[in-house]
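Asker: Residue numbers are given in our numbering: position 71 of the sequence shown equals residue 103, and the series is strictly consecutive. Each residue gets a CB set at the ideal place from its N, CA and C atoms; glycine is no exception. These numbers were taken from a predicted model, which means no experiment stands behind them.
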Amino acid sequence: MKLETVAGKKVLVTGAAMGLGKLFAERAVREGAAAVVLWDINEPALKETAEGMTGRGTQIHTQVVDVSDREAIVAAAATTRETVGDIDVLVNNAGIVRGNTYFWETENVADIEKTMAINSLAPMYVTLEFLPAMVRGTGQARVLTIASSAGLVSNPRMSVYAASKWAALGWSDSVRLELEQAGHDHVKVTTVCPTYIDTGMFDGAKGFWFTPILKQDAVVDTSWQEMKKGTPLVVLPWTSRLNKALSGLLPVKLRDLFLDTVGVYHSMDQFTGRKK
33 MKLETVAGKK VLVTGAAMGL GKLFAERAVR EGAAAVVLWD INEPALKETA
83 EGMTGRGTQI HTQVVDVSDR EAIVAAAATT RETVGDIDVL VNNAGIVRGN
133 TYFWETENVA DIEKTMAINS LAPMYVTLEF LPAMVRGTGQ ARVLTIASSA
183 GLVSNPRMSV YAASKWAALG WSDSVRLELE QAGHDHVKVT TVCPTYIDTG
233 MFDGAKGFWF TPILKQDAVV DTSWQEMKKG TPLVVLPWTS RLNKALSGLL
283 PVKLRDLFLD TVGVYHSMDQ FTGRKK
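1. Drop a sphere of 10 angstroms on the beta-carbon of G171, count the other beta-carbons inside from all chains shown, and report buried for 16 or more, exposed for fewer.
2. When you compare the CB positions of A173 and V121, do they come within less than 8 Å of one another, or not?
3. Closer than 7 Å by C-beta to W198: which residues in its own chain qualify, once you throw out the five before and the five after it? Chain order, please.
4. Is G53 closer than 8 Å to V61 when the C-beta atoms are compared?
5. Is it true that the segment 214 to 228 meets the segment 253 to 269, where meeting means three or more beta-carbon pairs spaced less than 8 Å apart?
6. Pick out whichever of G262, P188 and V192 has its Cα sitting closest to the Cα of E212.
7. Going by DSSP in three states, D235 sits in which element: helix, strand or coil?
8. Which of the three DSSP states is assigned to P226 in this structure?
9. Using CA atoms only, rank isn't needed, just tell me which of F56, N124, Y193 and E36 is closest to E161.
10. Quick check: V221 and V175, are their CB atoms within less than 8 Å of each other?
11. Nearest to A195 by CA position, among S181, L55, S272 and S206, is which residue?
12. Beta-carbon separation of R189 and T133 under 8 Å?
13. So which of S299, V167 and T86 has the shortest CA-CA distance to D118?
14. Kindly identify the DSSP beta-bridge partner or partners of I309.
15. Roughly how many whole angstroms lie between the Cα atoms of Y297 and V192?
16. Taking 8 Å as the cut-off, decide whether the C-beta atoms of G127 and I178 are in contact.
17. Over what stretch of residues does the beta strand (DSSP E) that includes L35 continue unbroken?
18. Take M259 and list the residues in its own chain whose beta-carbon comes closer than 7 Å to its own, dropping the five residues that flank it on each side.
19. Kindly indicate the opening and closing residues of the alpha helix (DSSP H) around L282.
20. Comparing C-alpha positions only, which one of R113, I150, T111 and V116 sits nearest to V129?
21. Helix, strand or coil for V106 per DSSP?
22. Would you call the CB atoms of M33 and A77 closer than 8 Å?
23. Alpha carbon to alpha carbon, how far is E145 from A154?
24. So which of E103, T159, D143 and A109 has the shortest CA-CA distance to T94?
25. Determine the burial state of W136: buried for a count of at least 16 other Cβ atoms within 10 Å of its Cβ, exposed for fewer.
26. S152 to T90, Cα distance in whole Å?
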């Protein structure tokens, strides 16, 4: 069943201070959500984002949360339930990417742990805090998780990031199947797998064959609409769907030759990431 609007719903967005998270939160406010809860580790940016959303008929709540810390997630979720109540729409958006070296050149092992904690474990832990109430309820509920096309096709110079997004995708879509199998049709899970987006997080990364760097507004618009429809998987743009299909059909050597030729395997060569 399609969710026509989030009007009157309670929405929580992780990584909400900037980029996609900020845009998702703004979308919820525009549609008349009863409350929007913003989680982020960046307190100054979080405060600025919240100030821009106040006075528009939606209750805005902010919490400084390090989603790489499970105990912090548990504590923040408890506070959210006390102040706002159960969440109807959860957007797992927080994510990081580190380095563009080959895996064996990794100097800071903490980067591996942080990437997996934020990109893979955090969506699981955050969802675990709010999904049980969604299941018990009867109203339309949604879980939207931002994964990546890196979770569909292997790519050099981002092995840990790819692993973290493969995990997020596998987990998210499995939960979708579990909800369907258990008959909880009022709760829908959508996983979004975009290529590089112009949020600054992937500064220096290059687009490839018919695949320019995506505009964040377009990604949010498509993700939001498909989330309300309950679409299981959203892959952006169409070339990523093609790459995934070919990867499944071609022998490994031919697949590698194709993806190398069209530029996928060199898209991270000049990656620098967001400047501090």
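Answerer: In short, the structure shows the following:
1. As a working note, residue 171 is residue 139 in the sequence shown. With fewer than 16 other Cβ atoms within 10 Å, it is exposed.
2. To locate residue 173, count along the sequence shown from 1; it is residue 141. To locate residue 121, count along the sequence shown from 1; it is residue 89. The answer is yes: Cβ separation under 8 Å.
3. Looking up residue 198 in the sequence shown gives position 166. Hits under 7 Å: G183.
4. Position 29 of the sequence shown, counted from the start, is the residue given in the question as residue 61. Position 21 of the sequence shown, counted from the start, is the residue given in the question as residue 53. No, these two residues do not count as a Cβ contact at 8 Å.
5. Three or more beta-carbon pairs drawn from the segment 214 to 228 and the segment 253 to 269 are found closer than 8 Å, and the two stretches are therefore classed as touching.
6. Within the sequence shown, residue 212 is the residue found at index 180, counting from 1. E212 has its Cα closest to that of G262, out of G262, P188 and V192.
7. Locating residue 235 in the sequence shown gives position 203, counting from the first residue. At D235, the pLDDT of 49 sits below 50, so the modelled position is not reliable; the number obtained from the coordinates is stated separately. Of the three classes helix, strand and coil, the one that applies to D235 here is coil, per DSSP.
8. Counting from one through the sequence shown, the residue named residue 226 turns up at place 194. In the structure shown, P226 sits in a strand (DSSP, three-state: E or B).
9. Indexing the sequence shown from 1 puts residue 161 at position 129. Residue N124 is the option with its Cα nearest to E161.
10. Working through the sequence shown from its first residue, we reach residue 221 at position 189. Working through the sequence shown from its first residue, we reach residue 175 at position 143. It is a contact, given that the beta carbons lie within the stated cut-off.
11. Position 163 of the sequence shown, counted from the first residue, corresponds to residue 195. For A195, the nearest C-alpha among the options comes from S181.
12. Residue numbering aside, residue 189 sits at position 157 when the sequence shown is read from its first letter. Residue numbering aside, residue 133 sits at position 101 when the sequence shown is read from its first letter. Cβ atoms of R189 and T133: closer than 8 Å.
13. Translated into positions along the sequence shown, residue 118 becomes position 86. If we check each option's Cα against that of D118, V167 comes out closest.
14. Residue 309 falls outside the range modelled here, since the chain spans only 33 to 308, and no answer is possible.
15. In the sequence shown, counting from the first residue as 1, residue 297 sits at position 265. In the sequence shown, counting from the first residue as 1, residue 192 sits at position 160. Taking the straight line from one Cα to the other gives about 15 Å.
16. Taking the sequence shown and counting its residues from 1, one reaches residue 127 at position 95. Taking the sequence shown and counting its residues from 1, one reaches residue 178 at position 146. Taking 8 Å as the Cβ cut-off, G127 and I178 qualify as a contacting pair.
17. Counted from its first residue, the sequence shown places residue 35 at position 3. Careful: L35 lies outside any beta strand (DSSP E) and carries neither H nor E.
18. Here residue 259 is taken as the residue at index 227 of the sequence shown, counted from 1. So the qualifying residues of the chain are R174, L176 and T222.
19. Counted from its first residue, the sequence shown places residue 282 at position 250. In the DSSP annotation of this structure, L282 is not part of any alpha helix (DSSP H), being labelled neither H nor E.
20. Numbered from 1 along the sequence shown, position 97 holds the residue referred to as residue 129. Per the Cα distances, I150.
21. What you label residue 106 is simply residue 74 of the sequence shown in a count that begins at 1. Collapsing the DSSP output to three states places V106 in a helix.
22. On the sequence shown, position 1 is the one that residue 33 refers to. On the sequence shown, position 45 is the one that residue 77 refers to. Their beta carbons are not under 8 Å apart, which means M33 does not touch A77 by this criterion.
23. As a position in the sequence shown, residue 145 is number 113, starting the count at 1. As a position in the sequence shown, residue 154 is number 122, starting the count at 1. The alpha-carbon atoms of E145 and A154 are separated by roughly 12 Å.
24. Along the sequence shown, one-based indexing puts residue 94 at 62. Checked all of E103, T159, D143 and A109; the closest Cα to T94 is A109.
25. The count along the sequence shown starts at 1 and reaches residue 136 at position 104. The residue is exposed, with fewer than 16 neighbouring Cβ atoms inside 10 Å.
26. Locating residue 152 in the sequence shown gives position 120, where the first residue counts as 1. Locating residue 90 in the sequence shown gives position 58, where the first residue counts as 1. Going from the Cα of S152 to the Cα of T90 covers about 30 Å.
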